[in-house]
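Residue numbers (the numbering used here): 324 to 837.
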RNA sequence: CGGGGUGUAGCGUAGUCCGGUCAUCGCGCCUGGUUUGGGACCAGGAGGUCGCAAGUUCGAAUCUUGCCACCCCGACCA
């Protein structure tokens, strides 16, 4: 079975020269997890810096992959602006002393920081470049793992009065976290993200902002990525370093594992106190500012891949696909190509008028079957094939990526039919993911059942928990499952903790996670 | 950073136990021809310091020692 599977994947990939490292797969392909890494190759690849261990875990985002990220950025950015936010940019380097100002924050990030200690190289006389020992920085600089500290250091100078609030700022940036173990897309040493950092006069307003942005993320995940998510709060163990409350959206991948897809933090007055950011209120009283921060990263692309892909490659939701429709001509002679091209161009023009992105794949270096497979691997939602038969009949063959169905359609009104089809596909892949999610959230009432479901069914387990970090920690040690979230709008229900037997007022979601 | 595993052409591999026609095969790549409605076929061709460095030997991909890199699991985490 394993061998068959590997040879199948090799067979598919040889055509695109996308072969990945299969050496581990030979040892046992137990989940679909490994398959995904092969598709990542379409979008992203590990940086080819094998001889430089210092940069292991960095990624190269290929043009096709980056175009998906650009589309995500564009949509999210629009949503942030609609909710009153503006973009800004803060430095990549953060003085070490900034970090030590917020105790929980420094503890959370201290073990994964890249540190700049010198500012110059020199020739050592043997023709080798070395770090100039005379060029040591007086204070080391941290390459930002997140920007709370440098931003709050800046906000101090921006805020004096309640009239200066709120500050609603977002930044698109790269950050670096020196993780012990990296995982392509899901946990790379360097990643791209956006981080929103807001400052407010009251706790209520900051909490409302935190919840609003969680809503924006959920909206984006469900309506653009076609990926259902559970909105909730993190338990104390999983909370962001320095936050009073961490809200998150949790998505379920096709193997049943959970992926944290976005977070929104209520930071209270922690950073204001650490950086001494006070304002004078309407009543003339001096108080610390209330803060939030929220972010999503290139991990969303990993989520997109793992939520929808099938054995033939990526399945992109039409709303985020860089190419929504591809047209493949089938021809023998130049004359045939000419008449097909005329039809293809007219269809393209009509679709483009409707804002649909179209690619006419008229490469003469590949055969049609190859192109079909290649565009499927890349997840293009709709393919139109046009051959001599279609020219004769005034038809085209339309294939949809999500179900692989092919239909022959009349040319008249094709633009509207395609537009409808794209909407249908968007809806269908969401519904498919939604029913998968619903079928894999399992309520359990005993610890035996809890373990049994985790091992045999996977997915999320909905269980009573006594609310203590100790219980959560023990469950994690024994089962590798963590509390993904305490769902918002959770129904209150009296019960007993599956682990400790102590009373509990609500169920929380446990799962094994990426 | 702990445990396990693996390094042979762009990718995937055979060969390693037992040293000597041993550098194998498939894909990809290049050239020519025939093809083109689901990943074409035929013929020819290019491409390798067998991870690196020492050592043993008449002789090392193969044995010894050291080093390096990568992968998986764990701890950590968006």
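For glycine and all other residues, C-beta sits at the position ideal for the given N, C-alpha and C.
query: Where residue 406 sits in the DSSP three-state scheme; result: coil
query: Reduced DSSP secondary structure (H/G/I, E/B, other) of residue 540; result: helix
query: Helix, strand or coil at residue 398 according to DSSP, with G and I counted as helix; result: helix
query: Enclosing beta strand (DSSP E) for residue 772 [first to last residue]; result: Unbroken run through residue 772 is the alpha helix (DSSP H), 770-779; no beta strand (DSSP E).
query: Reduced DSSP secondary structure (H/G/I, E/B, other) of residue 749; result: helix
query: Close-in-space but distant-in-sequence residues of the same chain around residue 826 (CB under 8 Å, 5 per side omitted); result: 789, 817, 818, 819 and 820
query: Runs of beta strand (DSSP E) wholly within the segment 650-684 (minimum 3 residues, chain order); result: 681-683
query: Residue 617 - DSSP class collapsed to helix/strand/coil; result: strand
query: Residue burial classification, residue 456 (beta-carbon count within 10 angstroms, cutoff 16); result: exposed
query: Best match in 613, 531, 513 and 579 for proximity to residue 524 [C-alpha to C-alpha]; result: 613
query: Candidates 791, 652 and 545: closest to residue 754 by CA position; result: 545
query: Short Cβ contact (8 Å threshold) for residue 713 with residue 751; result: no
query: Opposing strand residues paired with residue 504 [DSSP bridges]; result: Bridge partners of residue 504: none, in fact.
query: Same chain, Cβ closer than 8 Å to residue 719, neighbours up to 5 away in sequence not counted; result: 666, 670, 707, 708, 709, 713, 731, 732, 734 and 737
query: Extent of the continuous alpha helix (DSSP H) run through residue 597; result: 593-597
query: Straight-line Cα distance separating residue 503 from residue 454; result: 25 Å
query: Contacts around residue 768, its chain only, beta-carbon distance under 8 Å, and the 5 residues preceding and following it disregarded; result: 786, 787, 818 and 821
query: Sheet register partners of residue 827 (DSSP bridge); result: 818
query: Rounded straight-line distance, which links the Cα of residue 631 to that of residue 361; result: Annotation note: pLDDT 43 at residue 361 (below 50); position unreliable, no value reported.
query: Sub-8 Å separation of residue 650 and residue 683 beta-carbons; result: yes
query: Identity of the residue in 397, 469 and 436 nearest residue 412 by Cα; result: 469
query: Beta-carbon proximity list for residue 416, same chain, < 6 Å, skipping 5 on both sides; result: 464
query: Proximity of residue 477 and residue 422 at Cβ, strictly below 8 Å; result: no
query: Reduced DSSP category for residue 479 - H, G, I as helix; E, B as strand; rest coil; result: helix
query: Residue 790: CB within 7 Å of a non-hydrogen atom of the ligand PLP; result: Ligands are entirely absent from the displayed structure, and the ligand PLP is therefore not among its contents.
query: Residue 357 versus residue 518: straight-line alpha-carbon distance, rounded; result: Low confidence applies to residue 357: its pLDDT is 30, below 50, so where it sits in the model is not reliable, and the reading given next is rough at best. Distance between the alpha carbons of residue 357 and residue 518: 30 Å.
query: N- and C-terminal bounds of the beta strand (DSSP E) containing residue 809; result: 805-810
query: Pair within 8 Å by beta-carbon distance, residue 653 and residue 691; result: yes
query: Residue range of the unbroken alpha helix (DSSP H) whose run includes residue 713; result: 711-716
query: At least 3 beta-carbon pairs within less than 8 Å: the segment 572-588 vs the segment 428-437; result: no
query: According to DSSP, residues forming a beta bridge with residue 707; result: 650 and 721
query: Local conformation of residue 388 per DSSP, three classes; result: helix
query: Residue(s) in a DSSP beta bridge with residue 581; result: 575 and 836
query: Contacts around residue 514, its chain only, beta-carbon distance under 6 Å, and the 5 residues preceding and following it disregarded; result: 620 and 621
query: Spatially closest choice to residue 603 from 487, 547 and 529, by CA coordinates; result: 487
query: Candidates 587, 567 and 745: closest to residue 541 by CA position; result: 587
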